[in-house]
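Q:
Residue numbers (the numbering used here): 315 to 454.
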């Protein structure tokens, strides 16, 4: 599993999971977890650096465990805050398995007529150019 994660782009893994018909909520959860891990490690490193700047330099096993005990609450609070923001963003966007759109576009008869007229105009222009009845004018 580690070999696949290290050698394959994660969006390709998510796409493969979707093609295997794994529910979207599960693939989304795995994707967020995958994205949160580096964030968690950098946040933990930042907290340890802040402790060192304040003069707390753990030496020995007991001091390192104490450092971990001191570092965990701000790390967990920061991650909970970010996950709450992510949950709000998903809720605002009406997260679900089915893709939804704000406005549904429909192709009416007027759209069809406009498409046919513009296509004929374009085809006529190209035909005239290739038959020698027109030229492309460049300015400059």
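Backbone N, C-alpha and C fix where the C-beta goes; we use that ideal spot for every residue, glycine too.
1) Does DSSP put residue 385 in a helix, in a strand, or in coil?
2) Hey, would you say residue 262 sits closer than 7 Å to residue 387, going by beta carbons?
3) Can you give the beta carbon distance from residue 328 to residue 341, rounded, assuming they're within the 8 Å contact cut?
4) Can you give the beta carbon distance from residue 365 to residue 384, rounded, assuming they're within the 8 Å contact cut?
5) For the alpha helix (DSSP H) containing residue 322, list its first residue and its last residue.
6) From this set, 345, 354, 406, 441, which residue's C-alpha is nearest residue 392's C-alpha?
7) Considering residue 360, what are the terminal residues of the alpha helix (DSSP H) in which it resides?
8) Once DSSP output is grouped into helix, strand and coil, what is the label at residue 334?
9) Is residue 444 helix, strand or coil when you go by DSSP?
10) CB-CB under 6 Å to residue 324, same chain, minus the five flanking residues each way: which ones, in chain order?
11) When you compare only the Cα positions, how much space is there between residue 428 and residue 439?
A: Reading from the atomic positions:
1) helix
2) Since the first and last residues shown for the chain are 315 and 454, residue 262 lies out of range.
3) 5 Å
4) 7 Å
5) Residue 322 -> no alpha helix (DSSP H), and no H or E assigned at all.
6) 354
7) 338-367
8) coil
9) helix
10) 348
11) 16 Å
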